[in-house]
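Protein chains: 2
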Amino acid sequence: MLSKPNWVLVTGGAGYIGSHTVVELIENGYKCVVVDNLCNSSYESIARLQVLTKTEIPFFQVDLTDEEGVSKIFQQYPIDSVIHFAGLKAVGESTSIPLKYYHNNIVGTLVLLETMRKFGTKKLVFSSSATVYGDATRFSDMIPIPEECPTQPTNPYGKTKLAIEEILTDLHASEPEKWKFAVLRYFNPIGAHPSGLIGEDPLGIPNNLLPYMAQVAVKRREKLFIFGNDYDSRDGTPIRDYIHVVDLARGHIASLKYLDQIGGGQGICRAWNLGSGTGSTVIEVYKAFCLACGIELPFEVVGRRTGDVLNLTAKPDRATKELQWKTEMCVADACKDLWNWTTGNPFGYQIMGVVDTFFNVPGDYGSRLITVGRGSGFEASFTNVGATLVDLNVNGKSVVIGLANEAEYLDESNPYLGTTIGRYANRIYDGSFTLEGTKVQLALNEKNATLHSSLQSFHKQRFLGPLVVNLNKNEYTVKYILVDKGTQFPGDVVVSVTYGINIKLQTLTVEYEGHLTKGPATVMNLTNHSYFNLNMFQNSSCDGTKFNILSDKVLEIDLNGKPTGKFVSPGNASKFILSPSGPHFDTCFVTDAEATIDTRTNDLKPVLTAQHPLSGLKLTILTTEPSFQFYNKGPGYIKHHGERFGFCCEPERFINAVNVNEWRDSVILKQGEVYGSRIVYKFETGAPELSS
Amino acid sequence: MLSKPNWVLVTGGAGYIGSHTVVELIENGYKCVVVDNLCNSSYESIARLQVLTKTEIPFFQVDLTDEEGVSKIFQQYPIDSVIHFAGLKAVGESTSIPLKYYHNNIVGTLVLLETMRKFGTKKLVFSSSATVYGDATRFSDMIPIPEECPTQPTNPYGKTKLAIEEILTDLHASEPEKWKFAVLRYFNPIGAHPSGLIGEDPLGIPNNLLPYMAQVAVKRREKLFIFGNDYDSRDGTPIRDYIHVVDLARGHIASLKYLDQIGGGQGICRAWNLGSGTGSTVIEVYKAFCLACGIELPFEVVGRRTGDVLNLTAKPDRATKELQWKTEMCVADACKDLWNWTTGNPFGYQIMGVVDTFFNVPGDYGSRLITVGRGSGFEASFTNVGATLVDLNVNGKSVVIGLANEAEYLDESNPYLGTTIGRYANRIYDGSFTLEGTKVQLALNEKNATLHSSLQSFHKQRFLGPLVVNLNKNEYTVKYILVDKGTQFPGDVVVSVTYGINIKLQTLTVEYEGHLTKGPATVMNLTNHSYFNLNMFQNSSCDGTKFNILSDKVLEIDLNGKPTGKFVSPGNASKFILSPSGPHFDTCFVTDAEATIDTRTNDLKPVLTAQHPLSGLKLTILTTEPSFQFYNKGPGYIKHHGERFGFCCEPERFINAVNVNEWRDSVILKQGEVYGSRIVYKFETGAPELSS
């Protein structure tokens with residue numbers, strides 16, 4: 137039903153209502169570009185939206201008053217319509233710094249509209265507010281408030297909203313067949329996305345009842361203040377029309393579809409209330425939230441607030457009739473979702489111990505460098521390209537080899553440092569296999585094999601996200617998503633790479649999960665390719681590291697270098713100390729775990745320990761995978777480091793499994809199946825031996 | 137009464153109401169800086185204001201949306217208050233291009249206010265409009281319209297005015313003790329300044345009744361259209377409140393003084409209607425204007441115009457009571473003044489045959505290059521520095537020596553080319569004289585004399601203006617003003633230099649007038665110092681020119697070079713032909729005209745003719761002055777031209793007259809006296825002789 141180029145520019149899309157609307161847009165088949173100056177929001181919400189929707193969302197940190205910046209977005213994307221949330225929105229602040237409000241909100245809108253005019257974009261949904269009505273109780277017959285209620289905002293914020301409505305009205309009137317404007321007058325949005333991933337994240341002291349109560353519930357604020365209980369209502373507190381933010385977001389989709397369906401040669405500029413039509417008192421909402429969080433929140437009744445009136449409830453009939461939209465959730469639902477969001481994100485998008493910087497140039501949000509556990513003695517840094525582990529710092533010492541920027545990771549000389557290997561790790565001999573009766577030929581990047589996927593390899597792609605979650609004081613997860621469409625591999629897949637960081641246990645967990653989203657089947661074999669060096673801070677080589685490999689089998693390799701499918705004894709390869717004279721490995725050890733498509737049903741088992749005498753640092757690697765490649769030779773791993781600087785342990789499926797009948801099922805991913813695996817890197821610090 | 141630094145920034149000061157307000161501001165002792173983007177006005181109005189007020193008015197061609205440009209004005213001048221006229225103002229146009237109106241009017245105001253905030257300027261008078269009330273007849277009791285009438289503008293223009301009122305209200309509320317805002321809601325301004333020098337100059341078809349009628353009266357439009365005569369009024373036509381623009385301008389002074397008198401620590405933001413309180417019908421105004429211009433203007437009654445209502449008359453009581461302001465002129469006065477303006481300026485500030493360019497860099501309005509008579513065969517160009525005649529072009533041939541830019545005129549090597557010589561032309565021996573019993577000593581710039589005033593000489597000062605007037609098809613005047621304060625000369629003077637150009641008679645007249653504005657007396661002797669060459673276009677020298685000097689006396693000069701006070705025979709100096717071997721003159725000829733302080737009472741008499749045989753061009757110089765210096769020798773006149781390239785004839789008072797008792801009265805200017813003189817350069821084209 138959507139017209140073909142269905143790109144929607146969402147201004148202020150990183151904010152509360154904007155982010156929820158992006159979810160609904162994507163679920164309704166729209167493509168979103170977000171522009172936000174982040175003055176009052178966080179890119180974190182966009183990263184989470186990408187993970188939540190498994191969709192790339194182009195983002196521009198641009199202020200709408202920047203004409204050139206806005207033009208560049210329209211040059212890059214064929215914007216068909218705009219949903220315009222961007223604007224300063226604090227009523228109280230607007231009375232203190234009105235010039236800033238007028239400038240930001242009105243100039244931003246004028247630049248946006250002028251840019252739309254230049255690029256021929258004609259549809260806009262505007263985020264207005266019931267504030268434009270002012271005190272509707274000044275009339276005897278305007279509660280619930282219909283759209284016909286005369287406007288008379290009582291603060292600069294509301295006046296900027298009304299001024300923009302007037303601008304839209306006048307612009308439409310100037311070319312009435314061209315412009316399609318939907319003006320949405322919100323009542324009181326509350327709640328959060330049921331996923332708990334996005335929600336309201338007010339800076340400073342919240343102005344609104346629900347976010348304030350949420351902060352009381354998590355003890356960021358002492359108690360709730362109720363401003364007056366002597367109003368003429370059921371319980372003496374004022375009545376407002378609260379609307380679940382997801383319902384509100386869906387109102388935007390309804391209005392956008394309404395604009396979409398208006399035939400050519402016809403324009404419109406029309407306002408719709410988005411409210412439930414049902415009023416709730418402060419006390420009622422208070423009780424609903426206490427019920428949702430299971431806590432009797434402390435409160436104090438204080439005097440009335442200037443400007444507050446008894447009842448501001450919407451008459452939403454116009455939206456119901458014309459947009460076929462109405463609220464579907466109640467205050468209790470919103471309270472539940474808010475509490476879910478609040479408990480998962482007590483400080484909103486800000487997470488203690490997480491530092492977010494740019495790996496490339498500032499503003500290039502597609503390649504952030506996220507560090508978690510900052511200051512804890514167990515810090516891990518990741519970036520989007522390859523969902524790469526850039527650094528792992530244990531007690532102030534880096535234990536993996538990392539690079540300085542994205543370009544170095546993308547350089548041909550990078551030996552897969554810290555990166556996610558996929559769609560198919562290790563070698564497929566002759567680069568070919570049959571799937572569903574069809575022979576698939578991959579590009580070769582070794583003499584007789586395709587190693588680590590050659591083309592379309594995950595380590596050169598930017599993953600979406602990450603979603604960073606602080607599960608508790610000691611645990612974080614960092615989740616990246618990759619949508620990988622079939623080019624040399626058959627079928628489309630969505631893969632998630634979830635790093636778990638436990639700063640107390642000093643463990644880094646990697647969990648892979650893959651789903652086939654298109655096609656009957658594909659192949660999959662995923663692993664992480666970090667190079668460890670337990671003595672990097674003292675020594676430029678990992679010589680001296682003592683290994684204990686907990687495996688009694690390795691794959692047998694034939695004269696052509698292919699696995700025969702048989703297991704043989706590792707001989708004296710189980711315990712060794714690395715030295716310049718060897719040993720040199722590029723060997724696949726067998727773990728005895730069952731080789732299935734989702735090995736997460738297997739127990740995590742230790743498969744290797746390594747310890748360096750000078751640092752005392754001990755690494756234990758655990759996995760659910762049936763085998764792991766151990767690798768410590770080859771040409772200089774990376775231009776910045778010498779040979780033998782690190783070793784690599786890649787838990788994965790058996791080499792060339794797709795071409796070996798007994799192992800084949802463990803790497804063929806079919807519709808409805810889930811690929812899965814898990815690796816844990818655990819660190820312990822023993823007493824260092826004296827340096828010789 | 138005024139606070140000491142009383143600089144007022146007038147935005148849009150080149151426009152209709154702005155320019156009239158500048159006059160009143162200056163008359164009330166304020167100093168004005170004007171900023172205007174000239175998108176809908178002309179710098180001509182500022183030049184005329186300078187002549188009218190004899191005051192320098194710094195001007196910036198800056199758009200208010202240009203933050204940097206606006207900041208620079210506040211950096212250069214200690215702006216104490218702002219009167220804010222700048223804005224697009226055509227109601228009809230605003231409905232066609234609303235974005236442009238919102239952007240220009242609102243963003244311009246926001247930038248202005250933010251700049252005021254930065255520089256600590258707290259007072260602003262805002263040019264609002266009765267348009268903010270919308271159709272006040274929607275109420276039963278709001279005619280005449282009081283300030284309490286609810287606002288509801290019906291077009292984008294009116295909405296921008298109201299939005300700005302809201303911005304001012306909110307900004308004041310944010311810091312109520314700081315800001316002082318006067319909002320003036322104009323009714324229907326009409327008329328023009330009684331001087332006839334400034335008035336309304338609408339571009340395109342006038343939207344308003346009076347300018348439209350004026351254009352009908354001068355036959356730029358065929359007839360007046362009256363939109364409906366079936367209203368419920370005295371004669372069936374709608375009633376409006378017309379207010380003389382000078383009354384309106386004075387309302388601004390009243391409100392600014394009101395803001396000025398508000399004590400420290402108190403702010404205000406208040407609206408006042410500026411109207412007469414008396415309504416006139418369209419027919420009544422039509423009749424009044426017909427009476428003023430003495431023409432029965434053709435008109436046609438057509439259908440009502442959308443949006444027009446019966447009656448929009450002001451209730452001006454608030455302004456009368458609080459600002460002590462009321463209108464003092466009636467519709468008949470306005471019609472008379474409008475007709476005066478219209479007949480003098482049938483095409484407003486645009487004058488046929490006048491070209492206005494920049495002599496220095498674009499935007500440097502202090503040094504324009506004005507050319508009159510363009511395309512007529514008799515073109516004269518002037519610039520402000522020295523009120524200099526830069527070029528005089530007769531039948532396509534330049535006959536005076538000019539320079540390429542202002543810097544060359546200011547260069548020491550410039551031998552006074554085409555410039556005004558003053559305050560005292562020619563030599564004062566020993567540079568000294570006594571005046572009112574006191575000896576005055578000037579700086580010497582020759583061995584034993586002060587020549588052409590040395591320091592403080594007029595030719596290095598920028599004159600104000602010019603006022604360019606097209607008297608009739610063949611005649612223009614270009615009038616410059618100089619305000620010259622006493623530094624080395626005693627007393628302040630105001631001098632005007634008025635060039636008259638008659639393209640039919642091929643005459644250039646120069647008239648000097650001087651007034652003493654401070655001090656008991658000063659000395660004055662003014663002349664023009666053009667170098668003529670009647671064959672410049674063929675020959676780089678003026679050799680061959682035949683002269684006939686119509687004088688039988690020259691000043692006797694003693695051995696020290698000083699005039700003895702006696703006249704002697706010119707000998708064979710009356711008729712001669714210039715050649716490389718001579719004659720060489722630097723001689724003062726006597727004309728027999730009476731030597732008084734204002735020689736304009738003398739007849740203009742021819743004193744010299746010159747004709748060049750190769751061009752046939754003949755110059756006759758006439759003057760009212762008692763003597764003239766003839767000069768054709770000396771070092772290369774100017775670096776760009778060789779010696780003997782031009783000759784100079786400077787009608788003036790006798791050399792050193794201030795030190796010669798018999799002549800002294802002709803150069804001493806006392807309070808209440810007027811200095812005056814006149815020179816005419818007349819050209820005729822005879823048949824050229826054959827070149828040898």
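Those protein sequences? They're chains A and B, same order as listed. First residue of the first sequence: 137, per this note's numbering; consecutive thereafter. First residue of the second sequence: 137, per this note's numbering; consecutive thereafter. Note that beta-carbon positions come from the ideal geometry of N, C-alpha and C, so glycine has one too.
Cβ shell of residue i (< 7 Å), same chain only, five flanking positions each side left out
i, result
"I398 (chain A)", "K316, I404"
"R370 (chain B)", "T417"
"T463 (chain B)", "I379, H380, D383, S412"
"F495 (chain A)", "S503, R504, L505, T519, N541, E542"
Span of the alpha helix (DSSP H) around residue i
i, result
"Y237 (chain A)", "234-238"
"F361 (chain A)", "That residue, F361 (chain A), is in no alpha helix (DSSP H); its beta strand (DSSP E) goes 360-363."
"T157 (chain A)", "152-163"
"W143 (chain A)", "Here W143 (chain A) belongs to no alpha helix (DSSP H); instead the beta strand (DSSP E) covers 143-147."
"Y348 (chain B)", "345-353"
"W799 (chain B)", "Premise fails: W799 (chain B) is in no alpha helix (DSSP H) and is neither H nor E."
Residue i beta carbon near the ligand COA (any heavy atom closer than 7 Å)
i, result
"T700 (chain B)", "The ligand COA is not among the ligands present in this structure, which contains no ligands whatsoever."
DSSP-derived helix/strand/coil call for residue i
i, result
"C678 (chain B)", "coil"
"P824 (chain A)", "coil"
"F255 (chain A)", "helix"
"W461 (chain B)", "coil"
"T634 (chain B)", "strand"
"Q577 (chain B)", "strand"
"A309 (chain B)", "helix"
"F668 (chain A)", "strand"
"P292 (chain A)", "helix"
"L755 (chain B)", "strand"
Own chain residues within Cβ distance below 6 Å of residue i, not counting five before or after
i, result
"E647 (chain B)", "T634, R814"
Interface flag, residue i vs chain D, CB-CB below 8 Å
i, result
"D306 (chain B)", "Protein chains A and B are contained in the structure displayed, whereas chain D is not."
Spatial neighbours of residue i in its chain, beta-carbon cut-off 8 Å, leaving aside the 5 residues before and after
i, result
"A428 (chain A)", "A468, C471, K472, L474, W475"
"V206 (chain B)", "V171, V198, L200, V247, L248, T251"
Within chain A, the residues that residue i reaches when beta carbons sit closer than 8 Å
i, result
"D309 (chain B)", "Note on residue identity: the sequence assigns Ala, not Asp, to residue 309 (chain B). Going along chain A in sequence order, the residues near A309 (chain B) (Cβ under 8 Å) are T231, P234."
"L200 (chain B)", "Under the 8 Å cutoff, chain A gives no residues; its nearest Cβ is about 13 Å from L200 (chain B)."
Residues that residue i contacts on chain B, provided the C-beta gap is smaller than 7 Å
i, result
"E302 (chain A)", "K295"
"I242 (chain A)", "I242"
"P292 (chain A)", "D306"
"Y238 (chain A)", "L246, I303"
"A299 (chain A)", "A299"
Residue i burial status per 10 Å Cβ neighbour count (16 or more: buried)
i, result
"I242 (chain A)", "buried"
"Q807 (chain B)", "exposed"
"R376 (chain A)", "buried"
"E788 (chain B)", "buried"
"S276 (chain A)", "exposed"
Residue range of the unbroken beta strand (DSSP E) whose run includes residue i
i, result
"E542 (chain B)", "Taken as a continuous stretch (DSSP letters only), E542 (chain B) belongs to no beta strand (DSSP E), being part of the alpha helix (DSSP H) at 542-546."
"N529 (chain B)", "524-530"
"K711 (chain A)", "711-713"
Contact list for residue i against chain B, beta-carbon separation under 8 Å
i, result
"L249 (chain A)", "L235"
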